[in-house]
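The sequence shown lines up with residues -34 to -1, 1 to 294 when you count with mature numbering (1 follows the signal peptide of the UniProt record, and there is no 0). C-beta: ideal position from N, C-alpha, C; glycine also. The structure presented is a predicted model; accordingly, all values stated were derived computationally and were not measured. First up is the structure itself, then whatever we jot down about it.
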Amino acid sequence: MSKTKITDRRAFLSLTARAATGAAALAVMPAAFAQQAAHTQPRVLRIGNQKGYLNLLKGRATLEKRLAALNVSVSWTEFSAGPVQLEALNVGSIDFGDVGEAPPIFAQAAGAPLAYVAATPARPHSEAVLVPAQSSVKTVADLKGKRIALNKGSNVHYFLVKLLRQHGLQYRDVELAYLAPADARAAFERGSIDAWVIWDPYFAAAQQLLNARVVADANGVVGNRAYYFSSQDYVAKNADVIRIVIEEIKAVDQWGKQHPDELASELARLWGLPKPVVDLAVSRQVFGTEAITRAIIAEQQQIADTFVELGLVPKHVDVLRAAPPGLA
């Protein structure tokens, strides 16, 4: 075989190999383009926020900047309380929000497609049973037969149940007045209730502005966590978005821990409260954002079971159904 023929054969084989590689590349290109298109399609994150950390995040606009790179726009809707946020989630009006321990139980019972995505540490010193300064109530046992105001189905509702039991009292041993915080405060000032179970910053405001006295806080009784939530469908399709939101919340949280005075100033403006009131509330704050664990889900399950027992929730709630996969 001549040298010329060998060279021609090598050239032919080289051209054939390149042609085959090109054909393979063309075959996978539609799939690659489809995958790229899926990541560049416009998406939306609709956040339901209360006046707290999510509002601080909104003011910084750092979340919008990070999500813009993923072609995700952000909209914000402010709510007065967690239960209303979760109603919005149930009807598909929001994708993300923050809430206390108890409202998610009622949301699950109502069939909401709830998904827990993160939690705060326990904050037991941030809720308490308050009485007027001159009240004859000195101990938890003294609450027997007294008229107590609280927000129905809230964190403090569960706190009171556990507190009474811890001190040998039953739920039926007190008279409950189901009042929202603003109405409860007015009733407390008028003296038409004997005690008020409430959380910060209302708690701090009652101490500083109404001279309220603490009978007991939640330390050693309940955890008093807060949760960040989404819908199961949104999490399944937008895990990247949820991850970035939690990272940005953690950043704000760490800033608050390192700058409590500035945090109190921002929250005072946000809440329309005197800064000394907010300073007190911030001093009781426990900072951090945690992953959902089996232990946290067990805490929520205990709340759910208690509410079923009291007839506040009509049926068993399996909290695990709202948990992320692969729990630690």
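Within the DSSP bridge table, the entry for Gly66 names Ala192 as partners.
In terms of CA proximity to Glu228, Asp245 leads the group Asp245, Thr28, Phe195. Between Thr28 and Tyr124, the C-beta gap is not smaller than 8 Å, which leaves the two residues out of contact. Shortest Cα-Cα distance from Val40 to any of Ile208, Leu129, Leu276, Ala289 involves Ile208. When secondary structure is reduced to three states using DSSP, Val243 falls in the helix class. Asp284 counts as exposed, since fewer than 16 other beta carbons sit within 10 angstroms of its beta carbon. Annotation: Asp64 to Ala152 spans about 27 Å, alpha carbon to alpha carbon.
The shortest C-alpha to C-alpha distance from Ala73 to any of Asn56, Ala84, Thr86, Arg32 is the one to Asn56. With respect to Asn121, Glu67 sits close: the two C-beta atoms are nearer than 8 Å.
Runs of the alpha helix (DSSP H) lying entirely within the stretch 72 to 129 and spanning at least 4 residues: none are present. The C-alpha of Pro70 lies about 13 Å from the C-alpha of Gln198. In chain order, Asp64, Val83, Ala84 place their CB closer than 6 Å to the CB of Tyr194, counting only its own chain and leaving out the 5 sequence neighbours on each side. For the options Pro167, Leu293, Lys203, the alpha carbon positioned closest to that of Pro242 is the one of Pro167.
When the five nearest sequence neighbours on each side are left out, the beta carbons in the same chain lying within less than 7 Å of the beta carbon of Leu23 are those of Leu29, Glu214, Ile215, Val218, in order along the chain. For Ile210, no pairing in a beta bridge is given by DSSP.
For the 8 Å CB-CB criterion, Val248 and Ala88 do not form a contact. Per DSSP, the continuous alpha helix (DSSP H) segment holding Tyr19 begins and ends at 19 to 26.
In the structure shown, Asp149 falls within a helical segment according to DSSP collapsed to helix, strand and coil. Its chain contains Lys241 as the residues whose beta carbon lies nearer than 7 Å to that of Ser231, once the 5 sequence neighbours on both sides are disregarded; these appear in chain order.
Only residues of its own chain outside the window of five on either side were considered, and among them Lys17, Asn21 have a CB closer than 7 Å to the CB of Leu236, listed in chain order.
Just so you know, the alpha carbons of Leu96 and Glu53 end up roughly 30 Å apart.
Taken in chain order, the complete alpha helix (DSSP H) segments of 4 or more residues contained in the stretch 36 to 66 are 48 to 56. Beta-carbon to beta-carbon, Ala148 and Ala94 are separated by about 18 Å, too far to satisfy the 8 Å threshold. In the DSSP secondary-structure assignment, Leu142 is bridged to Ile114. In this structure, Ile164 lies away from Arg113, with their beta-carbon atoms at least 8 Å apart. Cβ-Cβ distances below 8 Å link Val187 to Pro90, Phe125, Lys128, Leu129, Gln132 in the same chain, with the five nearest sequence neighbours on each side left out; the list follows chain order.
CA-CA distance, Leu142 to Leu276, rounds to 13 Å.
Between the alpha carbons of Ala202 and Ser59 lies a gap of roughly 17 Å.
Counted as a single uninterrupted DSSP element, the beta strand (DSSP E) harbouring Leu11 occupies residues 9 to 15.
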